[in-house]
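Visitor: Before I ask anything, here is the structure I am working with.
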């Protein structure tokens, strides 16, 4: 069984990783850790800010976090492969990676945004659940 943990830099990432490691151990599966660095280049002109440096910093931070998550997985007894992507839509990148990697189970978190915030920003988890080519476990 191939399991993909889609992690961000939130406090819940450790809990999600532990669930993914447990699933990999239970099923004798392969673990893939994915971290998406959001790319805000589309809004740079609107806000007239320098986003190239910010995007590079986000990508570097995502790579560092992914390496840390892989180390934690190894400490918990599972070797994981890491994928770091950068783009405007994390949900689309997660779904695309799940398709390309032929993932059997995708594990990710939900930040539980409510009200106007959720309407304006959207929910990565709900988009992934709607479009993923595999089973999805959402960890709260």
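Numbering (this note's numbering), first residue to last: 84 to 223.
All residues carry an ideal CB built from backbone N, CA and C; glycine is no exception.
Since the structure is predicted, the reported quantities are computational estimates derived from the model, not experimental observations.
1. I want to know whether the segment 148-159 touches the segment 170-180 - three or more CB-CB distances under 8 Å.
2. Since residue 182 is in the alpha helix (DSSP H), which residue starts that stretch and which ends it?
3. With 16 as the cutoff for other CB atoms within 10 Å, does residue 171 come out buried or exposed?
4. Kindly give me the distance between the Cβ atoms of residue 99 and residue 90, rounded to whole angstroms, as I take these residues to be in contact under 8 Å.
5. In whole angstroms, what separates the C-alpha of residue 201 from that of residue 192?
6. Residue 159 and residue 118 - do their beta-carbons sit closer together than 9 Å?
7. Rounded to the nearest angstrom, what separates residue 143 and residue 165 at their Cα positions?
8. Is residue 184 near residue 87, with beta carbons less than 9 Å apart?
9. Could you check where the alpha helix (DSSP H) with residue 110 kicks off and where it finishes?
Guide: Once the coordinates are examined:
1. Cβ pair count under 8 Å is below three, so no.
2. 173-183
3. exposed
4. Cβ atoms of residue 99 and residue 90 come within 8 Å of each other, at about 6 Å.
5. Note that residue 201 has pLDDT 46, beneath the 50 cutoff, so the model's placement of it is unreliable and no number is given.
6. Cβ distance not < 9 Å, so residue 118 and residue 159 don't count as in contact.
7. In this structure, the CA atom of residue 143 is about 14 Å from the CA atom of residue 165.
8. yes
9. Annotation for residue 110: the continuous alpha helix (DSSP H) segment containing it runs 96-110.
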